[in-house]
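Residue numbers (full-length UniProt numbering): 1 to 81. Even glycine gets a Cβ: it sits at the ideal position worked out from N, Cα and C. Nothing here was measured: the structure is a model prediction, and the numbers come from that model. What follows is a set of notes on a single structure, which appears directly below.
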């Protein structure tokens, strides 16, 4: 998730997750939309590990991040992608 400075200024100090295990990205997106912040999807943000995607898909994308690092070395992922 990438936020602009004005978006952070609108959200900071106001947004509270309803429960500790609330999916933060989904909650921030919904809260941001309620404030009139435009939400844009970018396919380079991945919720799973690189191994969870077909290599052909990742080779055609500008990869920004992977969110899961279960049973992999995050430093190796960073160096490769």
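**Study point:** Segment limits, alpha helix (DSSP H) that includes residue 7
**Key:** Sequence index remark: in the chain shown, residue 7 carries index 7 (1-based). DSSP places residue 7 in the uninterrupted alpha helix (DSSP H) bounded by 5-11.
Exercise for review: Measure how close the beta-carbons of residue 67 and residue 41 come, nearest whole angstrom, since I'm counting them as under 8 Å.
Suggested key: Position 67 of the chain shown, counted from the first residue, corresponds to residue 67. Position 41 of the chain shown, counted from the first residue, corresponds to residue 41. Going by Cβ atoms, the distance from residue 67 to residue 41 rounds to 15 Å, so no, they are not a contact pair.
Point to revise | Cα-Cα separation between residue 69 and residue 57, rounded to whole angstroms | key: Sequence index remark: in the chain shown, residue 69 carries index 69 (1-based). Sequence index remark: in the chain shown, residue 57 carries index 57 (1-based). Between the alpha carbons of residue 69 and residue 57 lies a distance of about 19 Å.
**Study point:** Distance, residue 32 Cα to residue 38 Cα
**Key:** Within the chain shown, the letter at position 38 stands for residue 38. Within the chain shown, the letter at position 32 stands for residue 32. So the two alpha carbons sit approximately 8 Å from each other.
Point to revise | Close-in-space but distant-in-sequence residues of the same chain around residue 81 (CB under 6 Å, 5 per side omitted) | key: Taking the first residue of the chain shown as position 1, residue 81 is located at position 81. Correct list, in chain order: 63.
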